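Colleague:
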Amino acid sequence: MSSCIFCKITTGEISCNKVYEDDSFLAFHDINPAADIHVLVIPKKHIASLNELSIQDQELMGNFMLGIPKIAKNLGLKGFKTVINTGKEGGQMIFHFHAHILGGKIRMKLPE
């Protein structure tokens with residue numbers, strides 16, 4: 046999707062502070078961290094939100110979820126929060142599916 050900022054990050058059109066990348070996923074530090082460690086994990090495939098997942102995405106999303114604790118471990122986190130905001134009413138601000146890995150002290154109030 047040409048106007049999606051996360052798609053532009055996956056193609057390298059926009060730079061990021063990358064912590065992990067493979068053929069299917071990218072993880073990078075959030076530019077406005079809500080915690081001491083705040084990393085976004087995104088699939089390279091554009092999927093607008095959790096509501097847009099299909100059965101064809103099952104393997105991709107299984108690998109996505111299995112990758113989150115590996116990324117957290119590589120960041121030195123023994124415990125962390127994983128947040129997935131879904132839809133405008135759910136606090137999603139960028140409509141490219143992503144998960145937040147939050148570690149250490151939370152710096153701001155998280156959406157309820």
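Each residue of the sequence shown is one higher than the one before, counting from 46 in the working numbering. Glycine is no exception: its CB is placed at the ideal position from the N, C-alpha and C atoms. Keep in mind the model is a prediction, meaning the values are calculated, not measured.
Where do the ends of the beta strand (DSSP E) carrying T127 lie?
Modeller: 126–128
Colleague: Please tell me whether H83 and C49 are closer than 8 Å, where the distance is taken between their beta carbons.
Modeller: no
Colleague: If you scan the region 86–156 from start to end, which runs of the alpha helix (DSSP H) of 4 or more residues do you find wholly inside it?
Modeller: 103–119
Colleague: In the DSSP assignment, find the unbroken beta strand (DSSP E) run with E58 in it and report its ends.
Modeller: Counting along the chain, E58 falls outside any beta strand (DSSP E), and DSSP gives it neither H nor E.
Colleague: What would DSSP say about I82, mapped onto helix, strand or coil?
Modeller: strand
Colleague: With a threshold of 16 other CB atoms inside 10 Å of the CB of I146, please say whether the residue is buried or exposed.
Modeller: buried
Colleague: Between K53 and the rest of its own chain, which residues show a CB-CB distance below 6 Å, the 5 nearest in sequence each way excluded?
Modeller: I59
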